[in-house]
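Everything below concerns the one structure shown next.
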Amino acid sequence: MDEVNTDNLKPSFARDDGYVVTRKGLESKETVKTREWIRQQIETFADTRSREGILADVLGLMLVNFSQLTMAMAQAKTVSDIKAAAQPLADIFTVIDAEVKAGTLKLPYRVKPRGAQGVLADMSHLSNDITVVLLTEQKQNQ
C-alpha cells in the first residue's frame, strides 16, 4: 500500500493558548492556524475552480448513473432486470473499491478526525446555513 509522506508537510506554529470566535464557535488559535495551513496546502494541488469542476464531474457521474438505476429498478420485473440495471454502477464502484483497497485512491474523509460523521455534520451545517440565507432573502422580497 502506498503511504503518503507527510513529514515535510507538518505545520509548525508557536503554541498560543488564545482562543478566537469563528463561524464554528470558540476555537483555539492553534486550531484556526492549522485549518488555514491545511487549506493553503490543498490550494497548491489545485485551485478552487479546478476542485469544484472535478467535484461537479463526480456529482454528475453519480447523478446520471443513480437516476438511470432508479428508473430501471422501478420498471424491473425480475432479479435479472435488477442485476442488469445495477451493472453500470457496479462497474464504476468495482474500480473505486479496488483502488481504495490497493491504496491507490485515498479519500480525505477517511483520515479526518471525525471521519464520515464529520463530513455529514459539515454538510448539515453548510446546508442549514445556506437555507437560512435563502429563507432570509425570500422573506425580504415578499
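Under the UniProt record's numbering, think of the first position of the sequence shown as 1, with each following residue one higher.
Beta carbons: idealized from backbone N, C-alpha and C, even for Gly.
Taking the alpha-carbon of residue i as reference, which of the options has the nearest alpha-carbon?
i           : options            : result
residue 96  : 136, 35, 47 and 58 : 58
residue 105 : 118, 64 and 94     : 94
Is the beta carbon of residue i sitting closer than 8 Å to the one on residue j?
i           : j           : result
residue 30  : residue 20  : no
residue 109 : residue 102 : no
residue 44  : residue 32  : no
residue 82  : residue 74  : no
Grab me the residues of residue i's own chain with a C-beta within less than 6 Å of its C-beta, minus the 5 sequence neighbours each way, in chain order.
i           : result
residue 128 : none
Rounded to the nearest angstrom, what separates residue i and residue j at their Cα positions?
i           : j           : result
residue 72  : residue 90  : 14 Å
residue 35  : residue 107 : 18 Å
residue 42  : residue 99  : 22 Å
residue 2   : residue 69  : With a pLDDT of 45 at residue 2, under the threshold of 50, the modelled position of that residue is not reliable, and no figure is offered here.
residue 88  : residue 25  : 44 Å
residue 113 : residue 39  : 16 Å
residue 133 : residue 46  : 28 Å
With DSSP as the reference, please indicate the residues paired to residue i in a beta bridge.
i          : result
residue 27 : 20
Starting from the C-beta of residue i, find all residues in its chain whose C-beta is less than 8 Å away, skip the five residues before and the five after it, and write them out in chain order.
i          : result
residue 18 : 28 and 29
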